[in-house]
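Please read the structure below before turning to the comments.
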Amino acid sequence: MLRAAGIGHGDEVIVPAFGNIEVAEAVTQAGAIPVFADIDPVTYCLDPLVVEAAVSPQTVAVVVVHRFGQPADVPRLHEIGQRHGLLVLEQGESETPYAEVAQRRERAAYLDRRLRGVRTPEGSGGHTYQQYVVRVPGNGRPDRDAFARAVRARGVECRVPVKTPVHRMPEFRRDVYLPETERAADETLALPVDASLTKREMNRIVSACNALGGLLQAAF
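This note's numbering puts the sequence shown at residues 25 to 244.
Laid out in structure tokens, this is it:
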């Protein structure tokens, strides 16, 4: 899509650093320069205010990525695109059948009500819970990683959704300040929310997390 739009050498494209490297790679493959912008801490998608602040005379496009089933603020980003004459492209996640989305939402609601000691997702009505991503309080990455190891030891699979922001990877290293991206990379953990989970498995997730959550204190 970038190439079809005539985007190439010398052009800048605003992209998120929190997520997969493929978006930045696509920009460079088109001959353009990826410019990393910070995320909204609730949706984990591009923050429209930060995007607008990152616009320069060389900016020609914005690539919006919907993250974890949480939709980005596309209307506001399109408004910014119209004001500055930018192409706004969306990268969605794989579509999930409605019945499965409904089951994921049920399981997410169950976790929302019962989890203690972690910050649960602030889901909007459009959240499809492709991943159920919590924040682990404490001192960032060390406490999050310790929490993940302890939860796994109790038989619950979990994963760090974004291990390294793209602007910290060697091939795309940039000297930019993206505080929400850095914080999210250090604190987030994806817990199971699959439609196939049984009530017993859901209880195990809650028990494993709650046994640890009260031991972690927010950093000061």
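Glycine included, C-beta positions come from ideal geometry on N, C-alpha and C.
In the three-state reduction of the DSSP assignment, ARG140 falls in the coil class, being assigned neither a helical nor a strand state.
For ARG183, same chain residues with a beta-carbon under 6 Å away, outside a window of 5 residues either side, are ALA214 in chain order. In this structure, the CA atom of ARG91 is about 24 Å from the CA atom of PRO166.
In the three-state DSSP reduction, LEU213 falls in the strand class (E or B). For the region 59-134, the full-length alpha helix (DSSP H) segments reaching 4 residues or more read 72-78 and 98-108 along the chain. When rounded, the separation of the alpha-carbon atoms in GLU114 and PRO95 is 10 Å. Annotation: ARG168 is outside any beta strand (DSSP E); the continuous alpha helix (DSSP H) that includes it extends over 165-177. Check the Cα spacing between LYS223 and each of ARG178, GLN127, HIS151 and VAL190: the tightest is with GLN127. Rounded to the nearest angstrom, the gap between the Cα atoms of ALA132 and CYS69 is 19 Å.
Between the region 32-43 and the region 70-81 there are three or more C-beta pairs closer than 8 Å, enough to call the two in contact. Look at PRO161 here: in three-state DSSP terms it is coil, with no helix or strand label. The shortest C-alpha to C-alpha distance from PHE60 to any of VAL66, GLN53 and VAL86 is the one to VAL86. Secondary structure note for GLU49: its alpha helix (DSSP H) is the uninterrupted segment 46-53.
Contact check for LEU101 against VAL112 passes: the beta carbons are separated by less than 7 Å.
Boundaries of the beta strand (DSSP E) harbouring ILE38: 36-40, taken from the DSSP string.
Excluding its 5 nearest sequence neighbours in each direction, GLU49 has no C-beta neighbour in its own chain below 6 Å. In the structure shown, ILE57 falls within a strand segment according to DSSP collapsed to helix, strand and coil. The beta carbons of VAL66 and PRO58 sit no closer together than 7 Å.
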